[in-house]
Each structure stands twice: as C-alpha cells, then as structure tokens.
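Colleague:
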Amino acid sequence: MAKAISGNWSGIRGAVRDPEQDAIFAFGMLGLYRIDMGTGNYSKVLSGNWTSATDKAPRPQTVCYLGKGKAIYFGVHAIFSVNLRDGTYKKLTKAFWGSISATVYNPDDGYIYATGTTGVYKVNANDGTYEKIITGVWGTVDCAAYLGGGSMLCFGINGVFCMNLQDNSYTKIATGAWHGMHAALYDPDTQTVVVFGFSGIYRLNPKNGTHEKVMDGMWGTVHGAVYNDTSIALQHFPASNAA
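For the sequence shown, our numbering begins at 1283 and goes up steadily by one.
(1) Measuring alpha carbon to alpha carbon, tell me which residue in Ile1415, Leu1374, Val1345 is nearest Gly1506.
(2) Using CA coordinates, which residue listed in Ala1305, Val1364, Leu1374, Leu1312 is at the minimum distance from Thr1321?
(3) Do Val1442 and Trp1420 have their beta-carbon atoms positioned less than 8 Å apart in this structure?
(4) Given a cut-off of 8 Å, decide if Tyr1371 and Thr1385 are closer than it, judged by their beta-carbon atoms.
(5) Should Asp1300 and Phe1309 be called a contact, given that it needs their Cβ atoms to be closer than 8 Å?
(6) Report buried or exposed for Ser1451, applying the criterion of at least 16 other Cβ atoms within 10 angstroms of its Cβ.
(7) Any idea if Val1405 is buried or exposed, counting beta-carbon neighbours within 10 angstroms, 16 or more meaning buried?
(8) Quick one: grab the DSSP three-state call for Thr1503.
(9) Where does Arg1485 sit, in a helix, a strand or coil, going by DSSP?
(10) Considering only residues of the same chain and omitting the five flanking positions on each side of Lys1376, which have a CB-CB separation below 7 Å?
(11) Using a Cβ-Cβ cut-off of 7 Å (strictly less than) and excluding sequence neighbours within five positions of Trp1332, which residues of its own chain qualify?
(12) What does the alpha-carbon distance come out to for the pair Gly1462 and Gly1438?
(13) Can you tell me which of the three DSSP states His1493 falls into?
(14) Using the rule of at least 16 other Cβ atoms within 10 Å of the residue's Cβ for burial, across every protein chain shown, is Val1476 buried or exposed?
(15) Taking just the CA atoms, how far does Met1319 sit from Glu1302?
(16) Can you give the Cα-Cα distance for Phe1519 and Arg1316, rounded to whole angstroms?
(17) When you compare the CB positions of Pro1488 and Leu1429, do they come within less than 8 Å of one another, or not?
As structure tokens, this is what we get:
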C-alpha cells in the first residue's frame, strides 16, 4: 500500500466511485470533490457541508452510489439525490436521519438499507419513501457492506451480523466489539469483506465469520473508501487540503 495523494482529507465522511467516469467522489465538510483516479487531480463539484457529522458522531457511511452518475446522500434532516455528472441535487424526503450511521445500496432490488438507533429502514432510491423493516437498536453499527444475493454485513459494538434483506432476518457471525470500523468493502474476487478499524485492517469471511488482520495501524481514521476492481499504477499525486 502506498500514499497516492497527500494533504488533509480528514473532513471527508463518505466516498463513492463512478466507474464510468473513472473517478471518486468524496463528500466532505467543505464540499463534494471529484478525484480523477488516473491523474489524482481533483476539483470541487459542490460547495456546502456534505457530512452532517462530527468527530463524536462521524456518520461515515451515509452515501450510496446507484449507477449512471447518481448518488443518494442521507443528511440529518433530509435525503438527497445527487447528480455527480453535473453537480446538481434534489431533496427527496424530509425526516430526521441524523441517527443513521450506515447505508448500503442493493442493486438487486433497487432499494437502500439504512441502520439507525431505532431500527433498519428500507428506502426507495427514486422518491425517498421508506419503511422500517427491523426494529431494535442498530445505531451501534458503524459500517456495512452489501454482499450480493440480498445480504448485507453489519459491523457494530456487539459483533458482526449478516442480514438477509429478503426476509429481514439476521444472524451474528462474529462476536467481539467491532466498534470504530468506519469503512467496509466487499471484495468479489475473494468473496470476503475488508474493514478499516482503529487497530488495523481486517479481512472477514461473511460465510463463517472467520477473520484475520492484514495490516496494522490506526485505520479507523479512514471515513471513506471505494473498491477498485482494476489494478492501477500508484504514483504520488498533488497534495490537498480538502475537507
């Protein structure tokens, strides 16, 4: 692993990749940024606070990429549909979403699933309508990853849970405190989930919960990560102070 871009990116609280543009879009305290994966060049697409987060409540995974340059962002008081191609956005629905800490998009059914302090919600990506599908305190889930086949994996203070989005059931597959994990990525090549935490980077098997640490270090400060399915030549890109 090597550093690609220097600078202060600590204000970023979510990132998505648009493969058609070969670009990463980072949602931060001072705006929404577009980063070219080939050159490392970046530009601000939108101004404003696109985090709705604090250090105590980072809400690191509240943006989902839907495809065709469209992303859904969960703000504190509304859900927004963001056009990453032209930098425009529209408000879908008003409600208090400040307790939502993790969201994943299910391309198989076209819905977004959001975990919060009062349950798990199924959200229509087109109009923002929603319903609660699972009750309980799910606000301790810090990050989640979609596995395919209608299943998602949730990392929280009480363990790792595999959730079946077709019948709304769930199973704990790993015990322990997985609190402080702020980014989780599904690797389809190995069919495992890579998660970034305060004590290192871990790779977990979602079928049985077995896991291993693949890298030491305080990776819990990472609040945005994307999976890249093609290899790239690492180089040192210009520094940035984006937030």
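Just so you know, even glycine gets a beta-carbon here, dropped at the ideal spot from N, CA and C.
Modeller: If we stick to the structure as given:
(1) Val1345
(2) Ala1305
(3) no
(4) no
(5) no
(6) In this structure Ser1451 is exposed. Its beta-carbon is surrounded by fewer than 16 other beta-carbon atoms within 10 angstroms.
(7) buried
(8) It is helical.
(9) strand
(10) His1359, Ala1360
(11) Taking Trp1332 as the centre and dropping the five residues before and after it, the same chain places the C-beta of Phe1309, Gly1310, Gly1313, Leu1314, Tyr1355 closer than 7 Å to its C-beta, in chain order.
(12) Whole-angstrom Cα-Cα distance: 8 Å.
(13) strand
(14) buried
(15) 11 Å
(16) With a pLDDT of 39 at Phe1519, under the threshold of 50, the predicted position of this residue should be treated as unreliable, though the coordinate-derived value follows. So the alpha carbons of these two residues sit roughly 14 Å apart.
(17) yes
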